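*Asks:*
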Amino acid sequence: MAGVKSVALIVIVVGLACRTSLSSPQYPPPPHYAPAPHYKEPARPYSYAYSVDDDYKNLHFSADETSDGNAVKGSYQVALPDGRTQNVDYSADHYKGFVADVSYK
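Using the numbering used here, the first residue of the sequence shown is number 1, and each one after it goes up by one.
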């Protein structure tokens, strides 16, 4: 019986030795970085407009938009495949969100 106990003890010791030698290496935790600072950007007004009138391919559309840095107003027109023109006048700000008025001609 003593031989069986010693063999069992040797198997346990060898198993523990293999387990500790095969375990994954221990690395230090990754460094902690502070979040990037957030700066409030000043409002930047802009304005743009474009138009495409291609009679050969029957492409007719246009858009224009202006912003004072807080609110945006604009419109666009698109020639639909059924021959109508879709007109969209819209405005967007932080209070009312996006509001569009769609009409067809």
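Here a beta-carbon is modelled for each residue, glycine too, at the ideal position from N, C-alpha and C. Just so you know, these numbers come straight off a predicted model, no measurement behind them.
1) Just reading off the beta strand (DSSP E) that Ala92 is part of, what are its end residues?
2) In whole angstroms, what is the alpha-carbon distance linking Tyr48 and Val78?
3) Check for me: the beta strand (DSSP E) holding Leu59 runs from which residue to which?
4) Check whether the Cβ atoms of Ala71 and Ser91 lie closer than 9 Å to each other.
5) With distance defined between alpha-carbon atoms, name the residue in Tyr104, Glu65, Asp93 and Phe98 nearest to Asp82.
*Replies:* Walking through what the data contain:
1) Thr85 to Asp93
2) 17 Å
3) Leu59 to Ser67
4) yes
5) Tyr104
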